[in-house]
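Peer 1: Residue numbers (our numbering): 18 to 150.
Idealized CB from N, CA, C, for every residue including glycine.
(1) Does the structure place the segment 42–61 close enough to the segment 89–99 that three or more beta carbon pairs sit under 8 Å?
(2) Using 8 Å as the threshold, is the C-beta distance between residue 83 and residue 46 below it?
(3) Measure the C-alpha to C-alpha separation of residue 66 and residue 35 and round it to an integer number of angstroms.
(4) With respect to the alpha helix (DSSP H) encompassing residue 45, which residues constitute its N-terminal and C-terminal limits?
(5) Quick one, which of 19, 21, 29 and 23 has its alpha-carbon nearest residue 94's?
(6) Measuring straight from C-alpha to C-alpha, what distance separates residue 61 and residue 68?
(7) Kindly indicate the opening and closing residues of the alpha helix (DSSP H) around residue 76.
(8) Please classify residue 25: does DSSP put it in a helix, a strand, or coil?
(9) Are residue 79 and residue 48 touching if we call contact CB-CB under 8 Å?
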């Protein structure tokens with residue numbers, strides 16, 4: 018519950034519905050444990066236990082998986098603001114030229130980026146095909 022409250026401010030990419038889903042799953046597990054504890058209290062000490070500690074991780078695993086997935090959810094990229102000078106020193110043509118230059122720079126950067134797993138795996142497949150010949 019504390020984690021979900023913290024996520025409200027620190028992780029805006031996690032929606033209210035996702036946080037509610039985690040809290041609902043936590044409540045389900047708490048209810049399950051309470052029911053099992055009550056049943057255990059009613060059972061006689063000589064009977065087999067109603068539940069064992071080995072069963073608890075199986076109940077909490079879905080919560081852990083969901084929290085881990087949400088924790089890895091990337092933050093949204095900040096929106097780029099179109100910064101226009103209020104003085105109007107640039108003409109519209111100059112502004113368009115600077116925007117085009119910025120787009121060209123970003124295209125150049127993508128060429129220099131490291132290869133992804135997909136790129137390297139396709140290279141490995143090519144190498145394996147050469148080995149077969």
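Peer 2: Looking at the atomic coordinates:
(1) In short, these stretches do not touch, since the Cβ pair count stays below three.
(2) Against a cut-off of 8 Å, the Cβ pair of residue 46 and residue 83 comes out as no contact.
(3) Taking the straight line joining both Cα atoms gives about 35 Å.
(4) Here the alpha helix (DSSP H) through residue 45 covers 33–59.
(5) The residue with the shortest Cα to Cα distance from residue 94 is 29.
(6) Approximately 13 Å between the Cα atoms of the pair.
(7) In this chain, the alpha helix (DSSP H) harbouring residue 76 covers 72–88.
(8) Collapsing the DSSP output to three states places residue 25 in a helix.
(9) Result no, Cβ atoms of residue 79 and residue 48 do not sit closer than 8 Å.
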